[in-house]
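Per this note's numbering, the sequence shown starts with residue 378, numbered consecutively.
Ideal Cβ placement from N, Cα and C applies to all residues, glycine included.
As the structure is a computational prediction, the values presented were derived from the model and not from experiment.
Let me begin by presenting the structure, written as structure tokens, before commenting on it.
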Amino acid sequence: MRLKIQHETIYDYHKSVGLNPHSIFLKPLTRNYLEISNYRLQVQPEPEGLIERYDIEGNPYFQAWFTGETTMLAIKVSFETVHIPFNPFLFLVDQWFINKLDLSANTPFQYLQEDLPILQAYLGHSDNALLRKYGMDKLTTRDPIQFLTQLNAAIHADWRHIIREEENLWPATKTFAAGRGSCRDLSWMLIEILRHLGLAARFVSGYAFNPELDEGHELHAWVETFLPGAGWVGLDPSLGLMTDEHYIPLACSFLPQKTLPVHGTYGGENLQAATLSATVKIEAF
């Protein structure tokens with residue numbers, strides 16, 4: 378599969394403002410099933426400086442800084458991808474991790490003590506009884522893959538996926554009670570459920586190509602959970618599926634807001650809230 382992706386983001390500030398340094402998270406992460414070519418980033422107004430960096434979690438981003446004032450900021454990326462099909466279930470989980478699983482414990486899954494300093498950020502949760510109970514009720518097997526598959530499918534079945542234009546993220550408890558949520562809402566709720574059971578989980582933002590769509594592509598969100606031996610394993614609660622070669626990640630983090638495509642502020646007198654418009658076009662060729 379070969380794709381061409383174009384993504385344009387425009388901020389309208391309604392009056393002249395000064396742009397502070399911005400971080401742009403719009404370069405795909407390295408994956409063994411994904412090959413990127415002809416990557417191009419365009420920023421208007423033209424930055425005084427633009428350099429690629431890596432954040433604390435290993436995500437690539439472009440740091441841009443500006444001079445003067447502007448009434449708008451336009452960011453456009455385009456690139457081509459080649460996708461190699463793969464079986465998302467083709468991996469082995471370390472046996473010790475399965476042996477340590479205690480179905481009756483308050484935190485059933487346990488990692489090695491030596492790994493906890495790194496994983497701790499991906500284990501924090503709200504300590505909510507409803508979220509824990511929902512996850513525990515689905516934990517009826519000692520096979521982590523079967524459990525994750527069943528949990529992911531259950532969320533897809535029990536919650537309705539909706540499109541929300543607002544940029545905010547619902548708390549997991551709000552999504553749980555509402556019985557619906559956007560891809561990012563459902564992903565955050567699944568992360569909370571996994572963390573309540575002791576599974577490290579992180580939020581992923583990127584593109585998911587649906588060959589049945591001619592238009593209507595947008596940024597998508599899904600989840601990765603850490604299984605010793607297998608590494609980070611992708612789950613999409615919006616579809617109830619394990620992630621495969623159709624997914625193009627841009628950023629992963631323990632906090633969803635850290636995966637936003639653009640981070641930055643602006644200054645001036647009598648500031649107004651900026652108006653954001655974004656379009657994503659994905660074509661197979």
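Around the Cβ of residue i, are there at least 16 other Cβ atoms within 10 angstroms (buried) or fewer (exposed)?
| i | result |
| --- | --- |
| residue 510 | exposed |
| residue 582 | buried |
| residue 610 | buried |
| residue 579 | buried |
| residue 566 | buried |
| residue 532 | buried |
| residue 620 | buried |
| residue 625 | buried |
| residue 444 | exposed |
| residue 564 | buried |
| residue 433 | exposed |
| residue 598 | buried |
| residue 391 | exposed |
| residue 542 | exposed |
| residue 426 | exposed |
| residue 575 | buried |
| residue 431 | exposed |
For residue i, which of the options has the nearest alpha-carbon?
| i | options | result |
| --- | --- | --- |
| residue 555 | 570, 535 and 571 | 535 |
| residue 368 | 396, 386 and 656 | This structure gives no information on residue 368, because the portion of the chain shown stretches from 378 to 662. |
| residue 637 | 584, 475 and 445 | 584 |
| residue 451 | 641, 648 and 659 | 641 |
| residue 453 | 661, 662, 656 and 660 | 656 |
| residue 629 | 527, 543 and 406 | 406 |
| residue 571 | 512, 634, 586 and 546 | 512 |
| residue 471 | 606, 488, 598 and 431 | 606 |
| residue 462 | 649, 622 and 648 | 622 |
| residue 467 | 492, 608 and 648 | 608 |
| residue 438 | 465, 473 and 398 | 398 |
| residue 596 | 627, 588 and 574 | 627 |
Which same chain residues, not among the five before or five after residue i, have their C-beta less than 8 Å away from its C-beta?
| i | result |
| --- | --- |
| residue 550 | 503, 505, 507 and 508 |
| residue 393 | 446, 447, 448 and 645 |
| residue 539 | 557, 558 and 559 |
| residue 379 | 457, 458, 459, 460, 661 and 662 |
| residue 499 | 572, 577, 578, 579, 603 and 631 |
| residue 415 | 455, 456 and 457 |
Tell me which same chain residues have a C-beta within less than 6 Å of the C-beta of residue i, skipping the five on either side of it?
| i | result |
| --- | --- |
| residue 383 | 455 and 658 |
| residue 417 | 455 |
| residue 404 | 437 |
How is the beta strand (DSSP E) around residue i delimited, first residue to last?
| i | result |
| --- | --- |
| residue 456 | 446–460 |
| residue 413 | 411–421 |
| residue 408 | Run containing residue 408: none; DSSP gives neither H nor E here. |
| residue 389 | 379–401 |
| residue 488 | Where residue 488 is concerned, there is no enclosing beta strand (DSSP E), given that its DSSP letter is neither H nor E. |
| residue 440 | 437–442 |
| residue 482 | Note, residue 482: premise wrong, no beta strand (DSSP E); not H, not E. |
| residue 656 | 652–661 |
| residue 636 | No beta strand (DSSP E) contains residue 636, which DSSP labels as neither H nor E. |
Tell me which residues share the same chain as residue i and place their Cβ nearer than 7 Å to its Cβ, disregarding the 5 neighbours each side in the sequence.
| i | result |
| --- | --- |
| residue 616 | 533 |
| residue 424 | 441, 442 and 443 |
By the DSSP assignment, the alpha helix (DSSP H) with residue i in it spans what residues?
| i | result |
| --- | --- |
| residue 494 | 493–496 |
| residue 475 | 472–476 |
Tell me the start and end of each unbroken beta strand (DSSP E) in the segment 516–601 that is at least 3 residues and wholly inside, in chain order. 578–585, all fully within the segment 516–601.
Unbroken beta strand (DSSP E) runs of length 3 or more, entirely within the segment 599–633: which are they? Runs of beta strand (DSSP E) with 3 or more residues, each lying fully within the segment 599–633, are found at 608–613 and 624–630, listed in chain order.
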